[in-house]
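One structure is given here, and the rest of the page talks about it.
See the structure below:
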(Lines of atoms letter the chains of each structure in order from A and count residues from 1; the text may use other names and numbers.)
(Lines give C-alpha, C1' and ligand atoms only; values in the text may rest on other atoms or scores of the structure.)
Protein backbone atom coordinates (compact mmCIF):
# COMPACT_ATOMS: atom_id res chain seq x y z
CA UNK A 1 0.00 0.00 0.00
CA UNK A 2 1.18 3.53 -0.72
CA UNK A 3 1.69 6.36 1.75
CA UNK A 4 -1.95 7.47 1.59
CA UNK A 5 -2.88 4.44 3.71
CA UNK A 6 -0.26 4.86 6.44
CA UNK A 7 -0.67 6.98 9.54
CA UNK A 8 -4.37 7.64 8.92
CA UNK A 9 -5.28 9.70 11.96
CA UNK A 10 -8.36 11.91 12.36
CA UNK A 11 -10.35 13.63 15.06
CA UNK A 12 -13.42 11.63 14.07
CA UNK A 13 -13.91 8.48 11.99
CA UNK A 14 -17.45 7.59 10.91
CA UNK A 15 -18.25 4.03 9.84
CA UNK A 16 -21.11 4.08 7.33
CA UNK A 17 -22.16 6.70 4.80
CA UNK A 18 -25.93 6.31 4.87
CA UNK A 19 -28.23 9.19 5.87
CA UNK A 20 -26.94 9.03 9.45
CA UNK A 21 -23.25 8.79 8.56
CA UNK A 22 -23.53 11.61 6.05
CA UNK A 23 -25.23 13.93 8.53
CA UNK A 24 -22.97 13.05 11.45
CA UNK A 25 -19.83 13.58 9.36
CA UNK A 26 -20.95 16.97 8.04
CA UNK A 27 -21.93 18.07 11.56
CA UNK A 28 -18.58 17.01 13.03
CA UNK A 29 -16.57 18.64 10.23
CA UNK A 30 -18.52 21.91 10.36
CA UNK A 31 -17.71 22.10 14.05
CA UNK A 32 -13.99 21.89 13.46
CA UNK A 33 -13.17 18.18 13.45
CA UNK A 34 -11.08 16.40 10.84
CA UNK A 35 -13.35 13.59 9.65
CA UNK A 36 -12.89 10.35 7.71
CA UNK A 37 -16.14 8.83 6.40
CA UNK A 38 -15.85 5.13 5.47
CA UNK A 39 -18.48 3.69 3.10
CA UNK A 40 -18.69 0.28 1.42
CA UNK A 41 -20.59 1.55 -1.63
CA UNK A 42 -19.30 4.00 -4.22
CA UNK A 43 -21.73 6.70 -3.05
CA UNK A 44 -23.53 8.03 0.01
CA UNK A 45 -27.15 7.68 1.06
CA UNK A 46 -27.57 4.13 2.32
CA UNK A 47 -31.16 2.90 2.15
CA UNK A 48 -32.25 6.11 0.39
CA UNK A 49 -29.90 5.58 -2.57
CA UNK A 50 -29.00 1.88 -2.37
CA UNK A 51 -32.20 0.43 -0.93
CA UNK A 52 -34.91 1.94 -3.10
CA UNK A 53 -36.48 3.66 -0.10
CA UNK A 54 -38.71 6.67 -0.63
CA UNK A 55 -40.20 9.10 0.05
CA UNK A 56 -38.60 10.41 3.24
CA UNK A 57 -41.16 10.59 6.01
CA UNK A 58 -41.63 12.60 8.12
CA UNK A 59 -39.95 15.94 8.75
CA UNK A 60 -43.13 17.15 10.50
CA UNK A 61 -45.44 16.61 13.44
CA UNK A 62 -48.70 18.01 12.17
CA UNK A 63 -47.91 21.48 10.84
CA UNK A 64 -44.69 21.82 12.86
CA UNK A 65 -41.42 20.98 11.12
CA UNK A 66 -39.54 19.13 13.86
CA UNK A 67 -36.58 18.00 11.72
CA UNK A 68 -34.52 20.93 10.51
CA UNK A 69 -30.77 21.62 10.45
CA UNK A 70 -28.60 19.57 8.08
CA UNK A 71 -31.40 17.16 7.01
CA UNK A 72 -33.54 20.08 5.87
CA UNK A 73 -30.61 21.87 4.26
CA UNK A 74 -30.01 18.79 2.12
CA UNK A 75 -33.61 18.82 0.86
CA UNK A 76 -33.57 22.59 0.31
CA UNK A 77 -30.49 22.22 -1.88
CA UNK A 78 -32.11 19.39 -3.81
CA UNK A 79 -35.31 21.36 -4.24
CA UNK A 80 -33.35 24.29 -5.67
CA UNK A 81 -31.81 21.92 -8.23
CA UNK A 82 -35.13 20.30 -9.18
CA UNK A 83 -34.10 17.07 -7.44
CA UNK A 84 -36.98 17.10 -4.95
CA UNK A 85 -40.39 18.80 -4.88
CA UNK A 86 -39.80 19.42 -1.16
CA UNK A 87 -42.00 18.58 1.81
CA UNK A 88 -45.71 18.05 1.20
CA UNK A 89 -48.76 16.67 2.95
CA UNK A 90 -48.74 12.87 3.05
CA UNK A 91 -50.94 11.80 0.14
CA UNK A 92 -51.36 8.26 1.54
CA UNK A 93 -52.52 9.59 4.91
CA UNK A 94 -50.08 7.90 7.28
CA UNK A 95 -47.54 10.55 8.33
CA UNK A 96 -47.69 14.32 8.65
CA UNK A 97 -45.57 14.90 5.56
CA UNK A 98 -43.60 13.11 2.86
CA UNK A 99 -40.55 14.26 0.92
CA UNK A 100 -39.98 12.66 -2.50
CA UNK A 101 -36.49 12.95 -3.97
CA UNK A 102 -34.16 11.85 -6.74
CA UNK A 103 -31.74 9.18 -5.42
CA UNK A 104 -29.14 10.16 -8.03
CA UNK A 105 -29.51 13.80 -7.06
CA UNK A 106 -29.19 12.92 -3.39
CA UNK A 107 -25.86 11.19 -4.02
CA UNK A 108 -24.54 14.36 -5.63
CA UNK A 109 -25.82 16.78 -2.99
CA UNK A 110 -24.59 14.64 -0.10
CA UNK A 111 -21.12 14.50 -1.66
CA UNK A 112 -21.12 18.25 -2.25
CA UNK A 113 -22.02 18.94 1.37
CA UNK A 114 -19.36 16.55 2.68
CA UNK A 115 -16.63 17.96 0.47
CA UNK A 116 -17.58 21.56 1.29
CA UNK A 117 -17.37 20.73 5.01
CA UNK A 118 -13.94 19.15 4.59
CA UNK A 119 -14.95 15.52 5.16
CA UNK A 120 -12.53 12.96 3.70
CA UNK A 121 -14.58 10.35 1.83
CA UNK A 122 -13.33 6.77 1.48
CA UNK A 123 -15.55 4.59 -0.71
CA UNK A 124 -15.35 0.88 -1.54
CA UNK A 125 -13.98 0.25 1.92
CA UNK A 126 -15.35 -2.24 4.45
CA UNK A 127 -15.07 -2.06 8.22
CA UNK A 128 -13.57 -5.31 9.56
CA UNK A 129 -13.09 -4.83 13.30
CA UNK A 130 -11.46 -2.62 15.89
CA UNK A 131 -8.80 -2.94 18.55
CA UNK A 132 -9.32 -1.61 22.05
CA UNK A 133 -6.93 0.05 24.47
CA UNK A 134 -8.38 0.07 27.97
CA UNK A 135 -11.92 1.44 27.58
CA UNK A 136 -11.59 3.09 24.20
CA UNK A 137 -11.29 2.19 20.53
CA UNK A 138 -7.62 2.39 19.53
CA UNK A 139 -8.01 1.88 15.79
CA UNK A 140 -10.30 0.36 13.18
CA UNK A 141 -9.19 -2.24 10.66
CA UNK A 142 -10.49 -1.66 7.15
CA UNK A 143 -10.39 -3.56 3.87
CA UNK A 144 -10.34 -2.31 0.28
CA UNK A 145 -9.33 -3.87 -3.05
CA UNK A 146 -5.71 -3.03 -2.33
CA UNK A 147 -5.65 -4.77 1.03
CA UNK A 148 -6.09 -4.33 4.76
CA UNK A 149 -5.16 -1.14 6.59
CA UNK A 150 -5.88 0.65 9.86
CA UNK A 151 -7.04 4.12 10.86
CA UNK A 152 -7.10 5.95 14.18
CA UNK A 153 -9.26 8.70 15.64
CA UNK A 154 -10.00 10.45 18.89
CA UNK A 155 -13.71 9.65 18.55
CA UNK A 156 -15.56 7.08 16.43
CA UNK A 157 -19.12 7.21 15.13
CA UNK A 158 -20.97 3.97 14.42
CA UNK A 159 -23.37 4.79 11.57
CA UNK A 160 -23.31 1.24 10.21
CA UNK A 161 -27.06 0.85 10.96
CA UNK A 162 -26.35 -2.60 12.43
CA UNK A 163 -24.06 -1.51 15.31
CA UNK A 164 -21.10 -3.24 13.63
CA UNK A 165 -18.44 -1.08 15.27
CA UNK A 166 -20.18 -1.13 18.64
CA UNK A 167 -20.32 -4.94 18.61
CA UNK A 168 -16.64 -5.15 17.71
CA UNK A 169 -15.89 -2.80 20.61
CA UNK A 170 -17.68 -5.15 23.02
CA UNK A 171 -20.91 -3.20 23.43
CA UNK A 172 -23.91 -5.39 24.22
CA UNK A 173 -26.86 -5.17 21.84
CA UNK A 174 -30.44 -6.36 21.50
CA UNK A 175 -31.61 -7.88 18.23
CA UNK A 176 -35.19 -7.12 17.20
CA UNK A 177 -38.09 -7.47 19.62
CA UNK A 178 -37.11 -8.00 23.23
CA UNK A 179 -39.47 -10.92 23.87
CA UNK A 180 -38.53 -13.16 20.94
CA UNK A 181 -35.66 -11.44 19.08
CA UNK A 182 -37.79 -11.14 15.97
CA UNK A 183 -36.88 -8.10 13.86
CA UNK A 184 -39.13 -6.22 11.48
CA UNK A 185 -39.27 -7.83 8.03
CA UNK A 186 -37.08 -6.67 5.17
CA UNK A 187 -38.59 -5.26 1.97
CA UNK A 188 -37.40 -5.20 -1.64
CA UNK A 189 -38.83 -1.99 -3.06
CA UNK A 190 -39.82 -1.68 -6.71
CA UNK A 191 -39.30 1.40 -8.89
CA UNK A 192 -41.66 1.57 -11.87
CA UNK A 193 -42.26 4.13 -14.60
CA UNK A 194 -44.87 4.86 -17.24
CA UNK A 195 -47.75 5.09 -14.76
CA UNK A 196 -50.85 7.13 -15.57
CA UNK A 197 -51.00 9.18 -12.38
CA UNK A 198 -54.49 10.57 -13.06
CA UNK A 199 -55.85 7.02 -13.19
CA UNK A 200 -54.12 6.29 -9.88
CA UNK A 201 -55.85 9.26 -8.25
CA UNK A 202 -59.18 8.23 -9.83
CA UNK A 203 -58.70 4.70 -8.42
CA UNK A 204 -58.15 6.01 -4.89
CA UNK A 205 -61.13 8.37 -5.07
CA UNK A 206 -63.40 5.69 -6.52
CA UNK A 207 -62.54 3.29 -3.67
CA UNK A 208 -62.53 5.61 -0.64
CA UNK A 209 -64.23 3.03 1.57
CA UNK A 210 -61.42 0.57 0.84
CA UNK A 211 -58.59 3.04 1.47
CA UNK A 212 -56.87 4.30 4.60
CA UNK A 213 -59.40 6.64 6.20
CA UNK A 214 -56.86 9.39 6.92
CA UNK A 215 -56.00 9.97 3.25
CA UNK A 216 -56.70 13.66 2.40
CA UNK A 217 -59.10 12.72 -0.42
CA UNK A 218 -60.23 16.31 -1.03
CA UNK A 219 -56.62 17.41 -1.72
CA UNK A 220 -55.37 14.58 -3.93
CA UNK A 221 -55.55 16.67 -7.10
CA UNK A 222 -53.75 19.55 -5.37
CA UNK A 223 -50.89 17.75 -3.60
CA UNK A 224 -47.96 17.62 -6.10
CA UNK A 225 -47.51 13.82 -5.89
CA UNK A 226 -49.81 10.83 -5.46
CA UNK A 227 -49.90 7.30 -4.13
CA UNK A 228 -52.06 4.48 -2.81
CA UNK A 229 -52.53 3.07 0.67
CA UNK A 230 -55.49 0.77 0.69
CA UNK A 231 -57.34 -1.70 -1.48
CA UNK A 232 -57.79 -4.02 1.50
CA UNK A 233 -60.86 -5.78 0.13
CA UNK A 234 -59.50 -5.83 -3.41
CA UNK A 235 -56.40 -7.72 -2.28
CA UNK A 236 -58.45 -10.05 -0.06
CA UNK A 237 -60.63 -10.91 -3.06
CA UNK A 238 -57.61 -11.52 -5.30
CA UNK A 239 -56.13 -13.87 -2.69
CA UNK A 240 -59.43 -15.69 -2.23
CA UNK A 241 -59.64 -16.21 -5.99
CA UNK A 242 -56.08 -17.53 -6.11
CA UNK A 243 -54.84 -14.64 -8.25
CA UNK A 244 -52.04 -13.58 -5.90
CA UNK A 245 -50.10 -14.81 -2.88
CA UNK A 246 -49.04 -11.33 -1.73
CA UNK A 247 -49.25 -11.33 2.07
CA UNK A 248 -49.38 -7.55 2.46
CA UNK A 249 -52.79 -6.36 3.61
CA UNK A 250 -53.03 -3.44 1.20
CA UNK A 251 -51.53 -1.71 -1.82
CA UNK A 252 -48.81 0.79 -0.98
CA UNK A 253 -47.00 2.99 -3.49
CA UNK A 254 -45.58 6.52 -3.64
CA UNK A 255 -44.92 8.81 -6.58
CA UNK A 256 -41.28 9.93 -6.76
CA UNK A 257 -39.58 13.16 -7.77
CA UNK A 258 -40.41 12.18 -11.37
CA UNK A 259 -44.11 12.38 -12.27
CA UNK A 260 -45.52 9.04 -13.36
CA UNK A 261 -42.76 7.12 -11.56
CA UNK A 262 -43.70 5.19 -8.40
CA UNK A 263 -42.03 3.21 -5.64
CA UNK A 264 -44.02 0.13 -4.63
CA UNK A 265 -43.32 -0.88 -1.01
CA UNK A 266 -45.17 -4.14 -0.35
CA UNK A 267 -42.79 -7.08 -0.17
CA UNK A 268 -41.94 -8.70 3.16
CA UNK A 269 -39.15 -11.18 3.91
CA UNK A 270 -39.77 -12.40 7.43
CA UNK A 271 -37.70 -14.17 10.08
CA UNK A 272 -34.37 -13.66 8.32
CA UNK A 273 -31.49 -11.73 9.84
CA UNK A 274 -29.88 -8.79 8.02
CA UNK A 275 -26.70 -9.41 10.02
CA UNK A 276 -26.34 -13.00 8.75
CA UNK A 277 -24.86 -13.32 5.25
CA UNK A 278 -26.76 -16.47 4.28
CA UNK A 279 -30.04 -15.03 5.58
CA UNK A 280 -29.42 -11.75 3.80
CA UNK A 281 -28.65 -13.57 0.55
CA UNK A 282 -31.92 -15.49 0.86
CA UNK A 283 -33.74 -12.23 1.57
CA UNK A 284 -32.34 -10.56 -1.57
CA UNK A 285 -33.41 -13.50 -3.75
CA UNK A 286 -36.83 -13.92 -2.14
CA UNK A 287 -37.39 -10.16 -2.12
CA UNK A 288 -36.73 -9.90 -5.85
CA UNK A 289 -39.09 -12.80 -6.52
CA UNK A 290 -41.82 -11.11 -4.48
CA UNK A 291 -41.12 -7.79 -6.20
CA UNK A 292 -41.74 -9.17 -9.68
CA UNK A 293 -44.90 -10.96 -8.51
CA UNK A 294 -46.16 -7.76 -6.88
CA UNK A 295 -45.50 -5.68 -9.98
CA UNK A 296 -47.45 -8.23 -12.02
CA UNK A 297 -50.47 -7.72 -9.73
CA UNK A 298 -50.23 -3.95 -10.15
CA UNK A 299 -50.14 -4.23 -13.94
CA UNK A 300 -53.18 -6.51 -13.99
CA UNK A 301 -55.39 -5.04 -11.30
CA UNK A 302 -54.43 -1.45 -10.39
CA UNK A 303 -55.68 1.23 -12.82
CA UNK A 304 -52.88 3.43 -14.11
CA UNK A 305 -50.27 0.66 -14.05
CA UNK A 306 -51.45 -1.17 -17.20
CA UNK A 307 -48.57 0.13 -19.32
CA UNK A 308 -46.03 0.59 -16.54
CA UNK A 309 -42.51 -0.80 -16.83
CA UNK A 310 -40.20 -2.01 -14.10
CA UNK A 311 -37.12 0.20 -13.75
CA UNK A 312 -35.33 -1.47 -10.86
CA UNK A 313 -35.59 -3.42 -7.63
CA UNK A 314 -33.56 -2.39 -4.60
CA UNK A 315 -30.73 -2.57 -5.55
CA UNK A 316 -30.29 -3.76 -1.95
CA UNK A 317 -33.15 -5.04 0.13
CA UNK A 318 -34.50 -2.52 2.62
CA UNK A 319 -33.74 -3.20 6.28
CA UNK A 320 -35.90 -1.76 9.06
CA UNK A 321 -34.31 -3.21 12.17
CA UNK A 322 -31.47 -5.37 13.42
CA UNK A 323 -29.17 -4.76 16.39
CA UNK A 324 -29.63 -1.87 18.83
CA UNK A 325 -27.05 -0.94 21.44
CA UNK A 326 -27.59 -1.10 25.18
CA UNK A 327 -26.93 2.56 25.83
CA UNK A 328 -26.95 4.58 29.01
CA UNK A 329 -30.67 5.20 28.43
CA UNK A 330 -33.04 3.00 26.45
CA UNK A 331 -35.71 5.06 24.70
CA UNK A 332 -39.18 3.50 25.05
CA UNK A 333 -42.49 3.72 23.27
CA UNK A 334 -43.96 5.20 26.47
CA UNK A 335 -41.41 8.03 26.24
CA UNK A 336 -42.64 8.74 22.72
CA UNK A 337 -46.39 8.68 23.25
CA UNK A 338 -46.16 10.71 26.46
CA UNK A 339 -43.77 13.21 24.82
CA UNK A 340 -41.09 13.07 27.50
CA UNK A 341 -38.89 16.11 26.88
CA UNK A 342 -35.46 14.93 27.99
CA UNK A 343 -33.01 17.52 29.36
CA UNK A 344 -30.33 16.06 27.08
CA UNK A 345 -32.57 15.90 23.99
CA UNK A 346 -30.57 16.23 20.77
CA UNK A 347 -33.39 15.61 18.27
CA UNK A 348 -37.15 15.63 17.90
CA UNK A 349 -39.43 13.37 15.87
CA UNK A 350 -43.06 13.20 14.86
CA UNK A 351 -43.29 9.92 12.93
CA UNK A 352 -45.66 7.35 14.47
CA UNK A 353 -44.69 3.94 15.81
CA UNK A 354 -44.62 1.91 12.60
CA UNK A 355 -43.90 -1.79 13.12
CA UNK A 356 -44.40 -4.29 10.29
CA UNK A 357 -44.99 -7.15 12.72
CA UNK A 358 -48.22 -8.22 14.35
CA UNK A 359 -48.19 -7.06 17.98
CA UNK A 360 -47.74 -9.65 20.68
CA UNK A 361 -50.90 -11.32 21.96
CA UNK A 362 -53.08 -8.95 23.93
CA UNK A 363 -51.06 -5.87 23.03
CA UNK A 364 -51.52 -2.91 20.71
CA UNK A 365 -49.03 -0.44 19.32
CA UNK A 366 -49.56 2.94 21.03
CA UNK A 367 -50.37 5.96 18.88
CA UNK A 368 -49.38 9.60 18.86
CA UNK A 369 -51.93 12.40 18.92
CA UNK A 370 -52.18 14.60 15.81
CA UNK A 371 -49.35 17.13 15.83
CA UNK A 372 -47.57 15.47 18.77
CA UNK A 373 -43.80 15.12 18.82
CA UNK A 374 -41.22 13.48 21.06
CA UNK A 375 -37.54 13.86 21.96
CA UNK A 376 -34.49 11.62 21.66
CA UNK A 377 -31.92 11.87 24.47
CA UNK A 378 -28.16 11.99 23.91
CA UNK A 379 -27.77 9.18 26.47
CA UNK A 380 -29.32 6.76 23.95
CA UNK A 381 -26.33 7.33 21.64
CA UNK A 382 -23.54 6.46 24.08
CA UNK A 383 -22.49 3.69 26.45
CA UNK A 384 -20.73 3.49 29.79
CA UNK A 385 -18.33 0.92 28.35
CA UNK A 386 -16.57 2.72 25.47
CA UNK A 387 -15.34 6.26 26.12
CA UNK A 388 -14.87 7.33 22.47
CA UNK A 389 -17.87 5.80 20.66
CA UNK A 390 -21.07 7.58 19.61
CA UNK A 391 -23.83 5.74 17.75
CA UNK A 392 -26.01 7.30 15.05
CA UNK A 393 -28.93 5.85 13.09
CA UNK A 394 -31.42 3.08 13.78
CA UNK A 395 -29.03 1.19 16.07
CA UNK A 396 -29.36 3.69 18.94
CA UNK A 397 -30.51 2.40 22.32
CA UNK A 398 -34.28 2.01 21.95
CA UNK A 399 -36.95 -0.61 22.43
CA UNK A 400 -38.35 -2.49 19.46
CA UNK A 401 -41.47 -0.30 19.38
CA UNK A 402 -39.61 2.98 19.87
CA UNK A 403 -37.26 2.01 17.04
CA UNK A 404 -40.37 1.62 14.88
CA UNK A 405 -40.64 5.42 15.01
CA UNK A 406 -37.05 6.65 15.23
CA UNK A 407 -35.74 4.38 12.43
CA UNK A 408 -37.09 6.59 9.62
CA UNK A 409 -34.55 8.70 7.74
CA UNK A 410 -35.48 12.30 8.70
CA UNK A 411 -35.43 11.44 12.41
CA UNK A 412 -32.27 9.35 12.31
CA UNK A 413 -30.58 12.20 10.41
CA UNK A 414 -31.62 14.62 13.16
CA UNK A 415 -30.20 12.18 15.70
CA UNK A 416 -27.02 11.93 13.63
CA UNK A 417 -26.52 15.70 13.65
CA UNK A 418 -26.47 15.39 17.42
CA UNK A 419 -24.02 12.48 17.23
CA UNK A 420 -21.61 14.29 14.93
CA UNK A 421 -21.74 17.49 16.94
CA UNK A 422 -21.09 15.58 20.17
CA UNK A 423 -18.18 13.72 18.55
CA UNK A 424 -16.53 17.00 17.57
CA UNK A 425 -16.92 18.36 21.11
CA UNK A 426 -15.52 15.17 22.67
CA UNK A 427 -12.58 15.19 20.26
CA UNK A 428 -11.72 18.74 21.33
CA UNK A 429 -12.01 18.21 25.08
CA UNK A 430 -10.69 14.64 25.23
CA UNK A 431 -13.50 13.60 27.55
CA UNK A 432 -15.57 10.42 27.69
CA UNK A 433 -18.39 10.91 25.17
CA UNK A 434 -20.94 10.46 27.94
CA UNK A 435 -19.44 13.48 29.71
CA UNK A 436 -19.89 15.90 26.81
CA UNK A 437 -21.31 19.20 28.05
CA UNK A 438 -24.97 18.76 27.12
CA UNK A 439 -25.69 22.47 27.42
CA UNK A 440 -22.92 23.23 24.93
CA UNK A 441 -24.10 20.39 22.69
CA UNK A 442 -27.68 21.65 22.59
CA UNK A 443 -26.62 25.27 22.09
CA UNK A 444 -24.39 24.23 19.20
CA UNK A 445 -27.19 22.21 17.61
CA UNK A 446 -29.58 25.15 17.86
CA UNK A 447 -26.95 27.45 16.34
CA UNK A 448 -26.64 24.97 13.47
CA UNK A 449 -30.38 25.02 12.81
CA UNK A 450 -31.60 21.95 14.69
CA UNK A 451 -35.15 22.04 16.09
CA UNK A 452 -35.19 21.41 19.86
CA UNK A 453 -38.39 23.14 20.94
CA UNK A 454 -40.34 21.28 23.59
CA UNK A 455 -43.76 19.85 22.81
CA UNK A 456 -46.59 21.45 24.74
CA UNK A 457 -49.83 19.47 24.88
CA UNK A 458 -52.93 21.55 24.24
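Residue numbers (this note's numbering): -10 to 447. Using N, Cα and C, we set each Cβ at its ideal position, and we do this for glycine too.
query	result
State the DSSP-derived secondary structure class of residue 297, mapped to helix, strand or coil.	coil
Indicate the three-state DSSP secondary structure (helix, strand or coil) for residue 151 in the structure shown.	coil
Applying the 10 Å Cβ sphere with the 16-neighbour rule, what's the burial state of residue 332?	exposed
By alpha-carbon positions, which one of 219, 391, 396 and 442 ends up nearest to residue 381?	396
When burial is assigned at 16 or more other CB atoms within 10 Å of the CB, is residue 267 buried or exposed?	exposed
So, with DSSP's three-state summary, where would you put residue 417?	helix
Take residue 197 and list the residues in its own chain whose beta-carbon comes closer than 7 angstroms to its own, dropping the five residues that flank it on each side.	206
Let me make sure I understand the geometry here. Which of 219, 347, 127 and 43 has the alpha-carbon closest to that of residue 154?	127
Taking DSSP's pairing of strands, which residues face residue 54 in a bridge?	49
Measuring only the C-alpha atoms, how far is residue 254 from residue 164?	24 angstroms
Residue ranges of each alpha helix (DSSP H) run of no fewer than 4 residues wholly in the segment 232 to 309, ordered along the chain?	266 to 290
Residue -9 by DSSP, collapsed to three states: which one?	coil
When you compare only the Cα positions, how much space is there between residue 148 and residue 188?	41 angstroms
Mind the definition here: the segment 225 to 242 touches the segment 250 to 264 only if three or more C-beta pairs lie below 8 angstroms; say whether that holds.	yes
Please go through the same chain and pick out, in chain order, the residues whose beta-carbon is closer than 8 angstroms to the beta-carbon of residue 315, but skip the five residues on each side of it.	160, 161, 162, 163, 372 and 386
Mind checking whether residue 24 and residue 0 have CB atoms under 8 angstroms apart?	yes
Using a Cβ-Cβ cutoff of less than 7 angstroms, which residues in the same chain neighbour residue 245 once the five nearest sequence positions on both sides are dropped?	43, 89, 251 and 252
How many Å lie between residue 32 and residue 26 at the Cα?	11 angstroms
Alpha carbon to alpha carbon, how far is residue 321 from residue 261?	24 angstroms
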